[in-house]
Amino acid sequence: MRRYRFIVDAQPSAANPDQLPVGFTRHYDPALGQQVLDITCAACHSGEIHALKDGKVTAIRIDGGQAMHAFTSMQRGSFGPTLVASMLSTWTNPWKFDRFAKKVIGPRYPAGKSALRGELWDTIKAFATQGQNDPFRHLYPVTEGYGRTDALGRIANTVFGDHLQASNYQDATAPVSYPYLWNIWKFDWVQYNGSVSQPLARNIGEALGVGAVLRLTDDYGNPIPQSERFDSSVIMPNLNRIEHTLQKLTPPRWPEDLLGTIDQSLAARGKVLFETHCQGCHGPHPADAAEQMANAPGKPWPGTQWKIEVIPVEHIGTDPSEANGFLSRRYNLSAAGLTREEVDRALRPQLTRQLARDVRWNLKAVIDARAAEAQAPGNLPALLESYPDPDAQAEVSIPQAAFQAIAAELGGDAALKPPSDAPAWQCDLDCKTQRLLHAVSKGSADIDSQLQSIDVTSLSEGQGLNILGLMIKAKYFKGNQVPYANQQCLEGFGTLDLPQQIAGYKPRPLEGVWATPPFLHNGSVPNLYQMLLPPEQRSARFLVGSRLFDAKHVGYVSEPTPGHAEGFWFDTSIEGNHNSGHAFTATPEQLAAAQSDPVNHALPSGVIGPLLSDDERYAIIEYLKVHRDLPATPPDFSPPDCAP
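Numbering-wise, my numbering puts 79 at position 90 of the sequence shown, and it's gapless, one number per residue.
Quick look at the structure:
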C-alpha cells in the first residue's frame, strides 16, 4: 500500500490492529451482515512530508493535509485497476481463491467457500458496472495523477449517473488538489469554488461520492415508491463525530529541528508584506456579531464565523475549468420521480428562514451605520427589539407585520432603488438601507421567482446535490424523530443548506499552507516561491509524486531524485492544469491607479499585486512558515453535543 503512496503505520496497534492505511476503516453493514472495508475523510485529507537532514529522511505527518495517492485514477498500474485485477485473478484462479478463502472465512472453510465466491464476484461486478469507472466513457480526460481528483465532478457522476441514469454522466475536466481541513469549521463557505455553506451538506455529498448507498430507482430505471426514496447508508452520527474532530484539528507548526530555523528578522519583513499584499483577500475576516447570528447562530463565540469572498475567475485569472464546469454541467433528476412541488417544499423553508435572518442582520447594520454617521435611528431600534426570532420554531414563515413596519419606517416603495452589488466593505449607509428595504419589500417575491425557475430536468451540480441532500436529511430527521434544535446542531451551528453559484475561487486563510504543496486549486504550481513569480516564469512541466520537501522554496521536490519514488509529469499547458493568474506583476502606475479608483482602473485580469523582488518573495515565504490565523481556537474548546 505504501507503494501506492498511502500512509501506513510502521506497526499494528490497539487502535489499528489490521494495520490499515490512514483513512481506511471498517464498519458493520446490517444489509450484508458483515464487516465492510471503507474509507473515511482522512484517506484523502492526511498528508506526509519527508525531511532530509544529515542523510536521514524523517516522515512528518500532516493531519488534515492533502494526500499524495492516486486513489481515483484508472491508469494502468494505479491502485484501483490493480485492485480489480487482483480480485479477478483471485476469482478465476482456483488455487489462489482457495488460499484467499482460508484466510477470509477461517473456521467456516470449506463450507462457506461457495458463498464467498459469489460475494467476490458481486464485488467485482459492482466495480465494473459503475459507469464512471468505465474507461471507454472517457469521463475524466485530464489525468489526475497524485494528490488530485475531480471531486465535484466525480460526486455528481456517482450520485446522478451511477445512482440515477446514465444520461447524467458528464465529462469532468478539472482535477483539484485535496484541500487542507484545519479551521474550515469557521469558514462561511467551503469547497474551492465557495459553493457550500453547511458542514453536514458538504459531508453528505462527500459520503455519497465515495460510495454511500442511495437508491433512487428500481432495477428497471423507474422511480421507487415515495416512502422508500432518499433512504441512504450515510451514518449521520458518524459524520457529526468526524466534524467535531475537525473542529479540534490544529494547523501544523514548522518543525525547525527538521526543516530549518526560522529567520525571525526576515519573517518580520515578510509579515509587513503579507499584510500589505495578501491579507486583504486571505484574511481571515471574522464576521460581526449580527452577521454571524444571521448565518451561523450556533457558533460558540464571536469571531468564529470567517467570511470567505469568492473571487471571480476573470479577476483572479487562475484556470477556470473547475469553477465553470460546476455551473455549466446539467443533470436530470426527474427519473427519481422528483417534482417541482417537492423541490418547493424542500427549499422554501430554507430560503424563508434565511430571508428572515438577513432582515434582522441588515436592520442591525442600518442602525449601526446611522449611529456611525450621527444620524437619528428613528424607530428602528424598537423594531429590532420586537423582531421575531427566526430560529425559535421548526416551522418558519415570513414575519409580514415586521417587514411592513420596517418598510414603512424606511420610506416604503417610494424610497426603493435598485440594491447595490458593492462588496460589504464598500457598502455605505445608503447601500445598507436599500438592501434592507429591498429584502422586506421584494424578498418574498424573489423567493417565489427563484423557486419557479427551477427545472428538475436541468439542474446545475450545486442545485442537484443541494436538493438531494435536503431530502436525505429530512428523511433521516423524520425517521429518527430528531428535534429541530438538534437538527441545527447536526447540520453545523444552524447554518442553512443554501449553496451559492459563482464562477470563481475562494482565497482561504493561509496558516499552515507551507505543508500543503503543490499550490493553486489545481495543484499547478510546485512551491510557494513560484506562487510569487510572474506566471510565465513558473514551471510549465514538473514531477508530482515525491514527498521529499524543498524547505527553501517550500514545496515538494519536483524533479527526478535518485532513490525516491517517481511520479507523473504535470503539464500546465493542458486545459484544467493551467498555472495562470494570481500574478504579482502590476507596475507602480497600474497599482496606484487601481488603489485610487478600483472600479474604473482595476488591475488587469489575473494580476493581484506588484512585481516583487526575490528578497520580498523569500520574506513572505519565511513569514508563511509561522503565520497564524486569529482568533485561534482555544485548546480547551469542546464541540457541542448534538445527540437528542
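Just so it is clear, CB atoms sit at the ideal spot from N, CA and C, and this is done for glycine as well.
Mark residue i as exposed unless 16 or more other C-beta atoms lie within 10 angstroms of its C-beta, in which case mark it buried.
i: glutamate 37; result: buried
i: serine 627; result: exposed
i: proline 273; result: buried
i: asparagine 368; result: exposed
i: glutamine 519; result: buried
i: threonine 550; result: exposed
i: histidine 127; result: exposed
i: aspartate 52; result: buried
i: threonine 622; result: buried
i: histidine 16; result: exposed
i: tryptophan 290; result: exposed
i: tryptophan 171; result: buried
i: aspartate 208; result: exposed
i: alanine 103; result: The question names alanine, yet the displayed sequence has serine at residue 103. Answer is exposed; the Cβ neighbour count stays below 16.
Measure the C-alpha to C-alpha separation of residue i and residue j and round it to an integer number of angstroms.
i: proline 624; j: aspartate 630; result: 18 Å
i: tryptophan 414; j: proline 515; result: 34 Å
i: tyrosine 376; j: glycine 453; result: 34 Å
i: histidine 266; j: glycine 598; result: 6 Å
i: alanine 582; j: histidine 233; result: 46 Å
i: glutamine 382; j: tyrosine 465; result: 19 Å
i: glycine 95; j: tryptophan 110; result: 19 Å
i: asparagine 455; j: glutamate 578; result: 45 Å
i: serine 166; j: threonine 561; result: 14 Å
i: threonine 307; j: glycine 314; result: 14 Å
i: threonine 293; j: glutamine 281; result: 8 Å
i: leucine 72; j: leucine 580; result: 54 Å
i: isoleucine 113; j: asparagine 146; result: 20 Å
i: threonine 422; j: alanine 428; result: 10 Å
i: alanine 591; j: alanine 335; result: 41 Å
i: alanine 403; j: proline 587; result: 32 Å
i: isoleucine 175; j: isoleucine 297; result: The residue asked about is misnamed: residue 175 is lysine in this sequence, not isoleucine. If I take the Cα positions, the gap works out to 10 Å.
i: histidine 510; j: asparagine 182; result: 9 Å
i: proline 214; j: valine 332; result: 17 Å
i: alanine 434; j: glutamate 195; result: 33 Å
i: valine 348; j: leucine 425; result: 6 Å
i: leucine 601; j: tryptophan 350; result: 41 Å
i: tyrosine 545; j: leucine 517; result: 10 Å
i: lysine 92; j: alanine 31; result: 28 Å
i: alanine 411; j: glycine 432; result: 18 Å
i: glycine 595; j: glycine 66; result: 38 Å
i: alanine 391; j: alanine 345; result: 10 Å
i: histidine 616; j: leucine 262; result: 12 Å
i: valine 471; j: aspartate 43; result: 57 Å
i: tyrosine 494; j: valine 299; result: 5 Å
According to DSSP, is residue i helix, strand or coil?
i: aspartate 539; result: strand
i: proline 623; result: coil
i: glycine 287; result: coil
i: serine 216; result: helix
i: tyrosine 169; result: coil
i: arginine 137; result: strand
i: tyrosine 465; result: helix
i: tryptophan 243; result: coil
i: proline 130; result: coil
i: serine 643; result: One cannot answer for residue 643 here, as it falls past the ends of the chain, which runs -10 to 633.
i: arginine 318; result: coil
i: serine 449; result: strand
i: proline 96; result: helix
i: proline 275; result: strand
What are the boundary residues of the beta strand (DSSP E) that includes residue i?
i: tryptophan 558; result: 557 to 560
i: isoleucine 597; result: 596 to 599
i: phenylalanine 573; result: 572 to 575
Under 8 Å between C-beta atoms, does residue i make it to chain D?
i: cysteine 30; result: Note that chain D does not occur in the displayed structure, where there is just one protein chain.
State the start and end residues of the unbroken alpha helix (DSSP H) segment that holds residue i.
i: aspartate 481; result: The sequence shown places glycine at residue 481, rather than the aspartate named in the question. 473 to 481 is the extent of the alpha helix (DSSP H) around glycine 481.
i: glutamate 303; result: 302 to 305
i: serine 442; result: Where serine 442 is concerned, there is no enclosing alpha helix (DSSP H), given that its DSSP letter is neither H nor E.
i: isoleucine 263; result: Reading off the sequence, residue 263 comes out as phenylalanine, not isoleucine. 253 to 266 is the span of the alpha helix (DSSP H), which, as asked, contains phenylalanine 263.
i: asparagine 351; result: 329 to 361
i: serine 103; result: 102 to 118
i: isoleucine 609; result: 603 to 613
Can you tell me whether residue i sits near the ligand NAP, meaning its C-beta is under 7 Å from at least one heavy atom of the ligand?
i: phenylalanine 626; result: Because no ligand of any kind appears in the structure shown, any question about the ligand NAP cannot be addressed here.
- Ordered list of alpha helix (DSSP H) runs contained in the segment 6 to 94, each at least 4 residues: For the segment 6 to 94, whole alpha helix (DSSP H) runs of length 4 or above, ordered along the chain, are 68 to 81, 83 to 94.
- Could you pull out every unbroken alpha helix (DSSP H) segment of at least 4 residues lying fully inside the segment 486 to 556, listed in chain order? You should have 517 to 520.
- Task: Give, in chain order, every unbroken run of the alpha helix (DSSP H) that is at least 4 residues long and sits entirely within the segment 172 to 240.
- Result: With a minimum length of 4 residues, the continuous alpha helix (DSSP H) runs that stay inside the segment 172 to 240 are 188 to 198, 225 to 236.
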